[in-house]
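In our numbering, the protein residues as written are 11 to 230.
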């Protein structure tokens with residue numbers, strides 16, 4: 011796979027963050043476990059399984075699901091707020107310390123030399139992610155950095171309706187959410203597999219003939 015061919019073929023480039031730009035999936039998983047560590051171990055395991063199977067979904071939805079569905083609580087606003095705070099503290103630390111996925115920044119810089127329609131659409135908290143990118147010195151690589159609480163699908167829908175996205179579009183992701191959004195809006199999907207927690211990713215992307223890369227060093 012050649013960088014010049016990708017840059018020539020597409021007009022818009024969308025990247026997920028966790029597992030695509032930053033190697034932060036494991037840090038996020040640990041932060042989720044930490045956010046509910048005072049509860050029963052089996053409940054925590056159920057929660058982590060839910061989290062892994064729903065990559066790309068915001069922390070707000072996931073932790074709310076823990077209290078409403080896994081724990082069966084009806085009134086849990088205080089607990090939810092406390093867990094979100096614990097999660098945010100641990101996730102931010104993990105994302106600041108995380109390494110970048112190999113080759114990704116060089117690849118984005120090469121795109122930027124020719125085209126500027128480069129977006130990040132993440133399940134991470136938007137304000138937090140922007141600040142992390144500023145601290146890491148990579149915020150200026152992107153036209154927009156978008157995150158939760160707005161969902162990925164809603165972000166893409168809004169960008170299309172406001173005519174900010176120019177087709178053809180390529181979406182670099184590592185989760186089922188990324189894949190489904192790309193397919194729904196007729197974008198080409200490239201599965202970045204090296205740090206993905208998506209169990210069925212290889213099988214689904216192979217069956218759908220989506221392109222698969224281990225990391226961005228495969229793009230020459």
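No residue lacks a Cβ here, since even glycine has one placed at the ideal position from N, Cα and C.
None of the values given here were measured: they were computed from a predicted structure.
For this session: Please classify residue 130: does DSSP put it in a helix, a strand, or coil?
Result: strand
For this session: Kindly indicate which residue of 119, 166, 199 and 167 has the alpha-carbon position closest to the one of residue 14.
Result: Taking only the C-alpha atoms, the option nearest residue 14 is 119.
For this session: Within the same chain, show all residues whose beta-carbon is closer than 7 Å to that of residue 115, passing over the 5 residues directly before and after it, in chain order.
Result: 148
For this session: Following the continuous beta strand (DSSP E) through residue 183, name the residue where it begins and the one where it ends.
Result: For residue 183, the enclosing beta strand (DSSP E) starts and ends at 179–183.
For this session: Indicate the three-state DSSP secondary structure (helix, strand or coil) for residue 39 in the structure shown.
Result: helix
For this session: Could you check the C-alpha separation between residue 201 and residue 79 for me, to the nearest Å?
Result: 30 Å
For this session: Flag this pair as yes or no: are the beta carbons of residue 124 and residue 227 separated by less than 9 Å?
Result: no
Exercise. Nearest CA to the CA of residue 229: which residue from 182, 194 and 218?
Worked result: 182
Exercise. What's the C-alpha gap between residue 151 and residue 207?
Worked result: 26 Å
Problem set entry | Close Cβ partners of residue 44 (< 8 Å) along its chain, the five nearest in sequence each way excluded | 96, 97 and 100
For this session: With a 10 Å radius around its C-beta and 16 neighbouring C-beta atoms as the bar for buried, classify residue 82 as buried or exposed.
Result: exposed
Exercise. Got a sec? Which residues, its chain only, sit under 6 Å from residue 205 by beta carbon, not counting five neighbours each side?
Worked result: 29, 33 and 35
Exercise. Among all the DSSP beta bridges, which residues are the ones paired with residue 154?
Worked result: Answer is 129, bridged to residue 154.
Problem set entry | Close beta carbons around residue 131, own chain, < 6 Å, minus the five adjacent residues each side | In chain order, 24, 156, 162 and 165 place their CB closer than 6 Å to the CB of residue 131, counting only its own chain and leaving out the 5 sequence neighbours on each side.
Problem set entry | Cutoff 9 Å: residue 92 Cβ touching any chain D Cβ | Absent here is chain D; the protein component of the structure consists of one chain.
For this session: Output the boundary residues of the alpha helix (DSSP H) element that contains residue 229.
Result: Premise fails: residue 229 is in no alpha helix (DSSP H) and is neither H nor E.
For this session: Going by CA-CA distance only, name the one from 16, 67, 47 and 57 that's closest to residue 27.
Result: 67
Exercise. Along the chain, which unbroken stretches of the beta strand (DSSP E) at least 3 residues long are found entirely within the segment 12–67?
Worked result: Complete beta strand (DSSP E) runs here, min 3: 22–25.
Exercise. Can you tell me the Cα-Cα spacing of residue 168 and residue 65, whole angstroms?
Worked result: 21 Å
Exercise. Going by the CB atoms, is the gap between residue 180 and residue 19 shorter than 9 Å?
Worked result: Result yes, Cβ atoms of residue 19 and residue 180 sit closer than 9 Å.
Exercise. If you draw a straight line from the alpha carbon of residue 177 to that of residue 127, how long is it in whole angstroms?
Worked result: Cα-Cα distance, rounded: 11 Å.
Exercise. Residue 117 lies in the alpha helix (DSSP H); which residues open and close that run?
Worked result: 114–124
Exercise. What distance in whole Å lies between the Cβ atoms of residue 170 and residue 195, which are believed to be in contact at a cut-off of 8 Å?
Worked result: By a beta-carbon distance limit of 8 Å, residue 195 contacts residue 170. Their separation comes to about 7 Å.
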